[in-house]
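Numbering (this note's numbering), first residue to last: 1292 to 1866.
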Amino acid sequence: MKFIRLVEYFERLEETTKRLEMFDILSELFREASAKDIDKIIYLSQGQLLPPFYGLEIGMSEKLLIRAISDATNTPTQKVKDSFKHSGDLGKTAEGLVKGRGQNLTAEKVYEEIMNIARTSGAGSVEKKIGFLSNLLRGVSSKEAKYIARFVIGRLRLGIGDPTVLEALALAQGDRALRPELERAYNLCSDLGLVAKALLEKGMEGVRKFSVRVGYPIRMALCERLPSSEEIIAKIGKAAIEAKYDGFRVQCHKDGDKVDLFSRNLERTTHMFPEIREATKDSFLAKRAIFEGEALAYNEATGELFPFQITIQRKRKHGIEELAKEYPLKFFAFELLYVDGMDYTEKPYLERRKKLVSLIKKNPIIEPAEMFITDDPKKIYKYFEEAIERGLEGVVAKRLDAPYAAGGRNFNWIKLKRSYRGELADTIDVCIVGYFRGKGARARFGVGALLGAVYDEEADTFRTVSKVGSGFKEDEFIELKKILDDIAIQHKHPRVDSVIEADVWVEPRYVVTVTADEITRSPSHTAGRDREDIGYALRFPRAVGFLRQDKKPEDANTVKEVIEMFEIQKKVKVQ
Ligand code: AMP
């Protein structure tokens, strides 16, 4: 496919405000793609060169892009900067300045050129990157330049999520009913390009053949929630009760001496946990394996576990070794997914657990998560209280005969957390879909409140649940304004459902954690709207922490969960 053709699709996607139309445009695009370029077309549409787990960064900043535009168009950098100041969008700036008719490059060629930029590293790489990009811009038309410029700095703003691609792929095959099978393959490899390529090359047969593979992260299983241990036992009977550790979820892939680690949102986190890497090499008794657990900083002197705020310091590029000395880690393993040629995801929990325990040689870092089996709610409750006392988050109950539900949230895993007086038991992660400029004192930051939405999995839509105007510090508001303006769009995104008009709409991209006093029914929000158009809303919402770097928009809490939490709230007696 020619790149200009792809750009025409991007333009149509950018213009549409309707969800169904967005699916139609995308499926038309996928029908037009060939087996050779479908993977690249999917990656480009999602604003990336490869899925995030590859950990590949283009390494282009606004500053470098400005220089490349200036070089390519023989325009003084100051003039490019002025244009950017005016447009607020380097895509528009590039479009205005690139005047050529273009060389009719293929999408594949443009992809390769940008890949070249990304792969250039080491001494002198900055100049080389600018050189490659200005060369590319010289060979394209103004429209193409607009999208290349946005793409290289991560601001494509199309907001096409993974579920959106899956749905459109199924539609492109002329059969929506294929989606679950496509999704199964995707859950096992986390690479939509790979799935789509298999589909076009080998048909559904190829897709059905997908199984777990070391090096490709498996989309992680998630927990449902219930308000009491009695309800847990009523729901799943005799269960395994594990401690719920509040740290980083880590999926560990071992291939001989090569160890890769992935986060819950499937980013490569290998560099963050050198001690887990080493311990896996030495003390995990399998040649090739995939297993999962929670990594936590702990106090060597007292053996106490530290809160999440300490563990999260690992999320940095440099200084990990020093941090590892100051705050050593424990890795509590709780799942086994693959061992030496054997896929464990389909095996029942008890079998996975037994094998997992047998593979961990005694070592100071990795140990099996605490677990006991019971059908007595009182025992669960007692353990839960002790767990809270020890600084843990609560417990997770696991169904004894359940397989590992890749990419799914169901009652195979049920979490039980503490609820405090006048507060929801759990925080809620909302996706930011727009913002309000704010009045009075707030107006000077440019952002007064965010419009937060939860995710409707069925409809692949974000439905609003709250305005969030407190919990941020002054400098955070200022930073928010900059970050959100970078992803501002002209109209409500087609995947967003809202009756409230935001002052500025943004691409659904960032997640923020919110705590609230309770969930109420409300006509102003669209999450969980019933026939009378009454939805659900958060009462006294406040943000906890800043943007969640570890969550994708689709990792926000779901409409279904908000309704469940509302139901739980009705049942729980306030202590
Ligand atoms: P939540 O984020 O509150 O929905 O809880 C799910 C998260 O709890 C998982 O993603 C894990 O990171 C974490 N977790 C801690 N301990 C366990 C455990 N024993 N089993 C499963 N997940 C756990």
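The beta carbon of each residue, even a glycine, is placed where N, CA and C say it ideally should be. Because the structure is a prediction, the values reported are computed rather than measured.
Any non-hydrogen atom of the ligand AMP within 7 Å of arginine 1709 CB: no
Nearest-angstrom Cα separation, counted from lysine 1689 out to arginine 1504: 25 Å
Touching by the beta-carbon criterion (3+ pairs, under 8 Å), the stretch 1460-1474 and the stretch 1487-1499: yes
Top-ranked residue by Cα proximity to isoleucine 1778, from Trp1796, Phe1763 and Lys1851: Trp1796
Length of the line joining the Cα atoms of isoleucine 1439 and glycine 1382: 8 Å
Glutamate 1521 versus valine 1738 - alpha carbon distance: 45 Å
For lysine 1390 and valine 1298, believed in contact at Cβ under 8 Å, the rounded distance: With a Cβ gap of about 16 Å, valine 1298 and lysine 1390 do not count as contacting.
Residues that DSSP places opposite histidine 1544 in a beta bridge: Asp1551 and Ile1581
DSSP-derived helix/strand/coil call for glycine 1685: strand
Contacts around glutamine 1542, its chain only, beta-carbon distance under 6 Å, and the 5 residues preceding and following it disregarded: Pro1508, Phe1553 and Glu1583
Around the ligand AMP, Cβ to any heavy atom closer than 5 Å, ordered along the chain: Cys1514, Glu1533, Lys1535, Tyr1536, Arg1540, Glu1585, Phe1625, Ala1660 and Val1687
Bridge-paired residues (DSSP) for isoleucine 1664: Ala1531
contact_flag[the stretch 1697-1712, the stretch 1779-1787] where n(CB pairs < 8 Å) is 3 or more: no
Cβ separation of isoleucine 1656 and leucine 1620, assumed to be a contact under 8 Å, to the nearest whole Å: 7 Å
Beta-carbon spacing of glycine 1743, threonine 1752 below 8 Å: no
Buried/exposed call for methionine 1633, threshold 16 Cβ in 10 Å: exposed
Entirely enclosed alpha helix (DSSP H) segments - the stretch 1472-1518, minimum 4 residues: 1483-1499
Candidates Tyr1640, Ile1408, Gly1415 and Gly1430, of which the one nearest phenylalanine 1423 by Cα: Ile1408
Rounded separation between arginine 1712 and phenylalanine 1344 - CA only: Residue placement at arginine 1712 is flagged as unreliable, the pLDDT there being 47, under the threshold of 50; a coordinate-derived value is accordingly withheld.
Residues near alanine 1834 by beta carbon distance below 6 Å, same chain, minus five either side: Val1759, Gly1762, Phe1763, Val1803 and Val1805
Start and end residues, alpha helix (DSSP H) containing serine 1574: 1565-1574
Minimum C-alpha distance to isoleucine 1581 - residue among Arg1510, Glu1302 and Ser1815: Arg1510
The stretch 1331-1339 contacting the stretch 1443-1457, beta-carbon criterion three pairs below 8 Å: yes
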